[in-house]
Amino acid sequence: MHTYPIATSDLPRAHASIYVQIQFQQTNRAITFCLAVPMAKVAVLDEQLAGETPAAKEILLLLLPLLLLLVLLRCRGRGQGRKKLPPSPPALPLIGHVHLVGALPHVSLRHLAEQYGGEDGFMMLRLGVVPTLVASSAHAAQAVLRTHDQSFASRPRSVCGDVLSYGPSDIGLAPYGERWRLAKKLATTQLLSSKKVNSYRAAREEEVALVIKKISGAAETRTVVDMSELLSNFTRDMVSRAVTGRSFRVEGKDRVFKELIDEGMALLAGFNMENFYPGLATAAGGMLVRPVQRKAERVRDRWDRILDKLIDEHTSEKATAPVHFEDEDGERDFIHVLLSVEEEYRLTREGIKGILINMFSAGTDTAYLVLEFAMAELMLHQEAMAKLQHEVWSSIPEDQNTVNEDNLIGMTYLKAVIKETLRLHPPSPLLLPHFSLEGCDVESFEFHAGTTVLVNVWAIGRDPKVWDAAEEFMPERFIENGEIKGADFRGKDFQLLPFGSGRRMCPGMNFAVASIEIMLANIVYHFDWKLPKGVDKIDMTEVPGLTVSRKEKLLLVPVMRHCPPTKG
């Protein structure tokens, strides 16, 4: 007889316990397991089962506790040997440390590392049956991302990730190997090189001008502007132009792109049992992962309809105008580039689509979130806003009525504001998980193959051992004698890693920074900003995901500026 009621317990608030009782009739003895699961994760699991028939739900719930026990026994049967591992918090049977990871994992992991981790910044967790190394210091990050970069250069696989990235055939989720190396080379040399990013300068300035025009209309009537939506639309339109050669705002497809990106991110970041018990992917014919797999397939099918049409259009153009298509000096979009090198890089159509989805998802969120957090921090720190506005106004010639990219070169405070925003609010606070394909020794510790690694760049950016007034927004920390100083965010200084480091560093960093700089400079150049009537403070509460955003929309009132502050 098996019973598995869900009930509250004396666990930490916002948790539920799933009691799994297995009774042996011949001996009249019973073994009871208690699975402590955060309520938010229970809700997600329930949502994933929402599309299943009642009979399927009953089967899934019946099999779940038995399969969890089998997976655990299998993992223990294999045994990892007596390895010397980093310190770890007390664990529970079956679930390990899952119950200790809160709604904002980067925050709860920082607290756990402070309480249980070593002085070197290493902490070991067991999430379900998955051994997970957490790096919470610059020292630990350097050991993982530089010293032992190759050992931890892969990604953990999942059914959901494989479906959404076509195999995976993308750059972000693909395991380390020859196919990934080709895709990464393609991105860094053909799609996102400095030369390629510079070729989109005119597109960036055009998109910025459209945003300024929209804000100007609101400024005339002192209307509240939803900056979250405006900045998100800007980055999505910019990515669309780079990827496909045009913006889709008129056709309305930009909102479809947003839906697909959001749905895909939510599936990847959701509470998927397979992430904690990898054996469930094949157990019972994959029945337990089928609900989330079906959702991922529906999202991918919608991407297919859009991307296949775009690729077909570009393929026709290549056949009818090959000379123009191969013109490397022109503003060729990503699809042009991918089709022109598909033989050299052995690209399949699925591989092209995987890379395109990667560009849409990563390219949109990164720039938008940094812009929104930067504006929020500037509104909370009016002295910093005044300094930035003064610098921007002072850098623009009198006969010029907007900021162009040539003007950005000498804007030291602008670059400091962006660096400080990236320190406090890295778009992906835990980076994407790394994964070891082979056993390795890291300093005095020994790790088996199959270890997942989480690098908490959010905690590293707020480490009081490294940063003075670590929780304060102080762009001045990056300026000395009028020049940018201190840690750089390009992967060489491990106390500041918003884009990661090493082999799996984000290849789109230059693309994102270029959009962030030109937009931020223009919106503080053209406008003063005020809070809406009745609002006296901006709420900086975060919501979790692969990327972390603010919970509340950033609503501001623009006021047109007619002269620089020094002449006002």
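Going by my numbering, 1113 is the number at position 176 of the sequence shown; the sequence numbering is gapless.
Note that the Cβ used here is the ideal one computed from N, Cα and C, for glycine as well.
Buried or exposed for residue i, going by 16 or more other Cβ atoms inside 10 Å?
i, result
"Pro-1363", "buried"
"Met-1456", "buried"
"Pro-1366", "buried"
"Ile-1346", "exposed"
"Met-1175", "buried"
"His-1048", "exposed"
"Arg-1015", "In this predicted model, Arg-1015 has a pLDDT of only 48, less than 50, meaning its place in the structure is not dependable enough to derive any value."
"Glu-1335", "exposed"
"Pro-975", "Only weak support exists for where Pro-975 lies, its pLDDT of 49 falling under 50; the value from the coordinates is given anyway. Looking at its Cβ environment, which holds 16 or more other Cβ atoms inside 10 Å, Pro-975 is buried."
"Val-1494", "buried"
"Val-1485", "buried"
"Lys-978", "Unreliable placement is indicated for Lys-978, whose pLDDT of 49 sits below 50; no coordinate value is reported for it."
"Val-1480", "exposed"
"Ala-1124", "buried"
"Asn-1212", "buried"
"Gly-1098", "buried"
"Gly-1223", "exposed"
"Asp-1107", "buried"
"Asn-1170", "buried"
Compute the Euclidean distance between the alpha carbons of residue i and residue j, then round it to the nearest angstrom.
i, j, result
"Thr-1257", "Tyr-1113", "38 Å"
"Met-1316", "Lys-1490", "14 Å"
"Phe-1372", "Gly-1387", "6 Å"
"Val-1236", "Ile-1272", "21 Å"
"Phe-1384", "Gly-1376", "5 Å"
"Ser-1253", "Leu-1275", "14 Å"
"Glu-1279", "Leu-1217", "36 Å"
"Val-1067", "Ala-1077", "20 Å"
"Leu-1308", "Gly-1471", "24 Å"
"Tyr-1214", "Leu-1483", "20 Å"
"Ala-1028", "His-1034", "5 Å"
"Arg-1487", "Leu-1361", "13 Å"
"Ala-1407", "Gln-1432", "12 Å"
"Leu-1128", "Pro-1370", "24 Å"
"Met-1312", "Val-1148", "15 Å"
"Ser-1298", "Val-1180", "12 Å"
"Trp-1117", "Lys-1356", "30 Å"
"Leu-1434", "Pro-1401", "16 Å"
"Arg-1427", "Thr-1219", "40 Å"
"Arg-1141", "Thr-1349", "21 Å"
"Leu-1492", "Val-1161", "6 Å"
"Ser-1095", "Glu-1115", "19 Å"
"Val-1134", "Glu-1196", "26 Å"
Check for me: the alpha helix (DSSP H) holding residue i runs from which residue to which?
i, result
"Met-1322", "1319–1332"
"Val-1134", "1131–1136"
"Phe-1059", "Taken as a continuous stretch (DSSP letters only), Phe-1059 belongs to no alpha helix (DSSP H), being part of the beta strand (DSSP E) at 1059–1064."
"Pro-1042", "1042–1053"
"Glu-1383", "Unbroken run through Glu-1383 is the beta strand (DSSP E), 1382–1384; no alpha helix (DSSP H)."
"Val-1394", "1394–1398"
"Asp-1191", "1190–1206"
"Asp-1378", "Note, Asp-1378: premise wrong, no alpha helix (DSSP H); beta strand (DSSP E) at 1377–1379."
"Trp-1117", "1115–1123"
"Ala-1077", "1075–1079"
"Asn-1212", "1210–1213"
Does the distance from the CB of residue i to the CB of residue j come in under 8 Å?
i, j, result
"Met-1061", "Ser-1073", "no"
"Gly-1300", "Gly-1445", "yes"
"Tyr-1305", "Thr-1172", "yes"
"Pro-1026", "Leu-1041", "no"
"Met-1497", "Ser-1153", "yes"
"Asn-1393", "Leu-1046", "yes"
"Val-1340", "Ala-1458", "yes"
"Glu-1234", "Val-1403", "no"
"Ala-1050", "Ala-1396", "yes"
"Asn-1447", "Ser-1131", "yes"
"Asp-1425", "Arg-1414", "no"
"Ile-1421", "Lys-1324", "no"
"Arg-1138", "Glu-1417", "no"
Mind checking which residues open and close the beta strand (DSSP E) that includes residue i?
i, result
"Lys-1467", "1464–1467"
"Ala-1424", "Counting along the chain, Ala-1424 falls outside any beta strand (DSSP E), and DSSP gives it neither H nor E."
"Thr-1252", "It is not in any beta strand (DSSP E) - Thr-1252 instead sits in the alpha helix (DSSP H) that spans 1227–1257."
"Arg-1433", "According to the sequence provided, residue 1433 is Leu. The question's Arg does not apply to it. Per DSSP, Leu-1433 belongs to no beta strand (DSSP E) and is neither H nor E."
"Ala-1072", "1067–1072"
"Leu-1493", "1492–1497"
Is there contact here, the stretch 1163–1171 with the stretch 1316–1328, by at least three beta-carbon pairs under 8 Å?
no
Would the stretch 1081–1088 count as touching the stretch 1430–1445 if we require 3 or more Cβ pairs under 8 Å?
Below 8 Å, enough C-beta pairs join the stretch 1081–1088 and the stretch 1430–1445 to call them touching: three or more.
Can we say the stretch 1457–1467 touches the stretch 1183–1201, given the rule of at least three CB pairs closer than 8 Å?
Short answer: they don't touch.
Does the stretch 1196–1208 come close enough to the stretch 1228–1245 to have 3 or more Cβ pairs within less than 8 Å?
yes
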